[in-house]
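In the working numbering, the protein residues as written are 20 to 1027.
The C-beta atom is built at its ideal place from N, Cα and C for all residues, glycine as well.
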Amino acid sequence: MTQKNRLQSGGRIDRTRPLPFEYNGKKYTGFAGDTLASALLANGVDLVGRSFKYSRPRGIIAAGADEPNAIMQLGASEATQVPNVRATQQELYEGLVANSTNGWPSTEFDLMSYLGKVGGRMMPPGFYYKTFMYPQSMWDTYEKYIRKAAGLGRSPLENDPDRYDHLNQHADVMVVGGGPSGLSAALAAAQSGARVILADEQAEFGGMLLHSDEQIDGVPADQWVADRVRELAGMENVLLLPRSTANGYHDHNFLTIHQRLTDHLLDRAPEGQVRQRLHRVRAKWVVLASGAIERPLVYGNNDRPGCMLASAVSTYIKRYAVVPGQRLVLMTTNDYGYRAAFDWQDAGHRVEAIVDTRTDPDGEAVSMARDRGLNLIAGAAVIEVLGGNRVSGVVIADIDESGERVTGRPYSLACDTVASAGGWSPAVHLSCHTGSRPEWRDDIAAFVPGKTVQQQLVAGAVNGSYSLAACLEEGARQGAQAAINAGFELDLEQLSIPSTKRVEEWPAMPLFHVPHTKPTSRAPKQFVDYQTDVTAAAVELATREGFESIEHVKRYTAMGFGTDQGKLGNINGMAIAAKALNKSIPETGTTIFRPNYTPITFGAIAGRHCNALFDPKRFTAMQRWHEQHGAKFEDVGQWKRAWYFPKPGESMQQALDRECRATREGVGILDASTLGKIDVQGKDAREFLGRVYSNAWAKLGVGKCRYGLMCGEDGMVFDDGVTSCLAEDHFLMTTTTGGAARVLEWLELYHQTEWPELEVYFNTVTDHWATMSIAGPRSRELLAELTDDIDLQPGAFNFMEWRSGTVAGVPARVFRISFTGELSFEINVQANYGLYVWEKLFEHGEKYNLTPYGTETMHILRAEKGFIIAGQDTDGSVTPLDLGMGWCVANQKPFSYIGKRGMAREDCVKTQRKQLVGLKSRDPQVVIPEGSQAVDDPHQPVPMRMLGHVTSSYYSANLERSIAMGFVRGGHDRMGDTVYYPQADGSVIEAEICSPIFLDPKGERQNV
């Protein structure tokens, strides 16, 4: 098919590189430099989709991220399917395959459209909630067809063949937006020597300058852009990110930027290349130069293909050499809209009329229109569009000065394109992501970014400064100021500001809803949100039904719920709601914009964190040694931990018996590197620990260690560990292996949300240290052979203390901590030296029968001492008192601790709670299966009254009998009682309740 709407010259396309592509099964041709949208318009494709609710025909309305209609399904194969891509942002490449996302059996002939025509008035806001509630049994059927009708693309059924990645970036100044303001800001900041990142969502920097006729510093705007981009690209301290959308702006000046690296080249990324990248940027200062979005006018049938934004018309003509029609009617409330008519006329096409809603406009644009001989109709509006699958004409009528009612007799005018210019809405979205509320300005009839706690400046159109001169000046000054704020030197008085012609513009008219001769509810549909089919009548109905908060109106009508987040319609919708509620727009307020600014692929979010890297296997520094010595492994969180070390011919129980005896009689060694380690620093670190642990920390001295319990707000134990005092303001916290990440997140949560006034910082250092725990009566002798600068003698190095020194010549921290109840030393060295020190221990340990043991032996040894394992002997329903660990609760601390009030709840202090006890089976050779339920009477009928369950159960070679720990109702007061454990095979195991401490109840072995 020929490109019937393509101009023979002009634009920024490369006519020497034709690109074939396919849309809805038909073959077309565009040029390099086209977007899919411009190529479709060039080929005369009017219909690009069907609307969400009514299945009305929809055409391209915009030229950028604000496009609500041209939402495409891309992909030549099943594996490369990508849903919901804006045709306005997708660059054309050879072989591109696109399909519209809705319309059955086709977009051109959609049966659902008949339902929309016939039943449209019966589908007001809340229609789904009110209609599909009954009968309840039919909901699954209703849902199936409602979802099918929604038509917002589909996910691929095969694995994505492409690669994605993440990149962490740091900048002194981050500039968002590469238009005139952004370029000026980036250049000014970069000239100070600051590290600058400039990101823009388009393929080329320049923004509106790419289709502007204006001059800057005496040269055409596009040439000025090329010169500035070339200058920035030559600076080592500048990173340019085209095709990169700043999708999220988060606390502490953290931004996520989605860069499309190869989406413009092929259906899938070329071999060895990444398709998309997510930049995670931390910036000292951010300059938002995100521009503004033109507002469409809300009038009857304003969704017909051929209805477009005035700025989009200019963009397609000037940048892509595409005139999307033959006969234009322009409706505008401001001078800027006139440019679309001038560009249309310059392209050799007919302008039927310029309809200016202002009563008596004047100024340069108006004078130019008259000089060009254009038909200017002032004080009027297009109140309705005629036509079916394409505009065929308009209905025009005079309106009053306020724009609230029709004052003249309507008449029609033939045309095939309607461009509307309703003013500009600053793109405040990113500024809202951090909780800042936009502020209304009457002088520009728009919201601008409000006050923020971020280190952020705004420049240009996003700040309500729409003229090119103002954009250039604000950009330069704010970029320079950001660099100064970041610590660089610049003289603002000597700042070079690009010069351009200042244009005098006639005041714009705020008009958010074009009146009609009929009431809104009876007039042809006047669309506010094109993507979700929200009309002006729907907004008014929502307010009549009692929805007064704009957030409630949004949710009831679905305004702003689409993939475009209401970029075009939200302000108009808010204004219509405000009028219906008899409120001002500032009183009504605006909805909150959230990340992401535009849709982002799951691939970019995941990056390389998929397949083997989605849940990575983690290994300690001694992994190779464990494998060489025949260790069996178990998964603990992401870690591969040595489970036990069987010798040839040994069963698992035989290996465990050997390891347990060797540790109690000589020396055993455990690789404890996987325990979570969190470095806690700051002048308020001690106070913070006192708030997150249930026991006291105020008097813990330097060189001392203390065991602590962590409880949730409900008072239930969720983790435990030993924390050591390295200095008055420096502590090392250990956690369970599987709970490390959760504990770190929990610490950060409470610091940032509950106690931000405390000066304390957390860093995970688990991977930094290799930890070897040697335990047994001869462990002191072994360690003494490898250190000469740590006094290991009793009285010099006591239980629950730590020392720094060297072990095998390697700097180390050594802790007198015991999870076995034996004399123990935990040796911590930098992880890269872990294997070396481990092997040195074995070189010297042969005479002591040094025996490696794994996690299963560790469990047996700790159970012999009655030590709990958080997550095994706790399940989120037990308090420290239930565990018999009241000694680990300090209720006299000056500041409360997390869980204190939870423990005091009526349910937590009642009698007959399940409490942790020891259990000895009557037959010492019978091991009670973990999870077995306790009952008082094994002969009672089913369902039996359960008293509790077994949490830990083992055979102890040292005690020559089975031992167990578990919960029993009121167990602390039932020592010596008998309970029974019925088994699935019908047998019953009888056990005696006893103390959970089976070995060395006085702790003499660990204090020797």
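If only complete runs of 4 or more residues are kept, the segment 539-624 shows the alpha helix (DSSP H) at 555-563, 569-576, 589-599 and 604-607, in order along the chain. Rounded to whole angstroms, Ala-366 and Phe-50 show a C-alpha spacing of 19 Å. Residue pairing of Gln-155 in beta bridges, as defined by DSSP: absent, with no partner found. Annotation: the segment 868-921 contains the following complete segments of the alpha helix (DSSP H) (minimum length 4 residues), in chain order: 874-883. Bridge partners of Ser-975 according to DSSP: Arg-980. Sequence-distant Cβ neighbours of Gly-720 in its own chain, meaning closer than 7 Å and more than five residues away, are Cys-744. The three-state secondary structure of His-452, taken from DSSP, is coil.
Distance from the CA atom of Val-998 to the CA atom of Arg-660, rounded to whole angstroms, is 35 Å.
For Pro-445, the enclosing beta strand (DSSP E) starts and ends at 443-445. Rounded to the nearest angstrom, the gap between the Cα atoms of Met-350 and Ala-372 is 8 Å. When only Cα atoms are considered, Leu-258 and Thr-554 end up about 43 Å apart. Here Tyr-357 is near Met-387, since their CB atoms are less than 9 Å apart.
Taking every protein chain shown into account, the CB of Thr-617 has 16 or more other CB atoms within 10 angstroms, so this residue is buried. Spatial neighbours of Arg-799 in its own chain (CB-CB distance under 7 Å, excluding positions within 5 residues in sequence) are listed in chain order as Leu-811 and Leu-842. Note on geometry: alpha-carbon atoms of Ser-57 and Arg-409 lie some 17 Å from one another. The Cβ-Cβ distance between Phe-1017 and Leu-978 falls below 9 Å. Taken in chain order, the complete beta strand (DSSP E) segments of 3 or more residues contained in the segment 256-287 are 257-260, 263-269 and 273-279. Shown here, Gln-345 sits in coil according to DSSP, grouped into three states, outside any helix or strand.
Proximity to Gln-474 across Met-193, Gly-990, Ile-947 and Gly-918 peaks at Met-193, based on C-alpha coordinates. When secondary structure is reduced to three states using DSSP, Asn-847 falls in the strand class.
Apart from the 5 residues on each side of it in sequence, Ala-222 sits with its Cβ closer than 8 Å to the Cβ of Glu-110, Pro-261, Arg-262 and His-283 in its chain, given in chain order. Taking Asp-786 as the centre and dropping the five residues before and after it, the same chain places the C-beta of Ala-850 closer than 7 Å to its C-beta, in chain order. Short of 7 Å from the beta carbon of Leu-763, and not among the five residues preceding or following it, lie these beta carbons of its own chain, in chain order: Ile-697, Phe-781 and Thr-783.
Under the DSSP definition of a beta bridge, Gln-221 lacks any partner. By the 16-neighbour rule on beta-carbons within 10 angstroms, Glu-220 is buried. Pro-813 sits exposed, since fewer than 16 C-beta atoms from the chains shown fall within 10 Å of its C-beta. Beta-bridge analysis with DSSP links Leu-229 to no other residue.
C-alpha of Ala-889 to C-alpha of Ser-211: approximately 54 Å in a straight line. The continuous stretches of alpha helix (DSSP H) do not include Gln-934, which lies in the beta strand (DSSP E) extending over residues 933-940. If you draw a straight line from the Cα of Glu-493 to the Cα of Tyr-339, it is about 29 Å long. Where Leu-530 is concerned, there is no enclosing beta strand (DSSP E), because DSSP gives it neither an H nor an E. Across the set Ser-713, Gln-1025, Leu-694 and Asp-634, the C-alpha of Gln-1025 shows the shortest separation from the C-alpha of Phe-816.
Under the three-state reduction of DSSP, Trp-716 is assigned to coil, being neither helix nor strand.
Taking the Cα positions, Leu-66 is about 19 Å away from Thr-582. For Trp-658, the enclosing beta strand (DSSP E) stretches over residues 658-663. For Ile-947, the closest alpha carbon among the candidates Pro-957, His-968 and Lys-933 is that of His-968.
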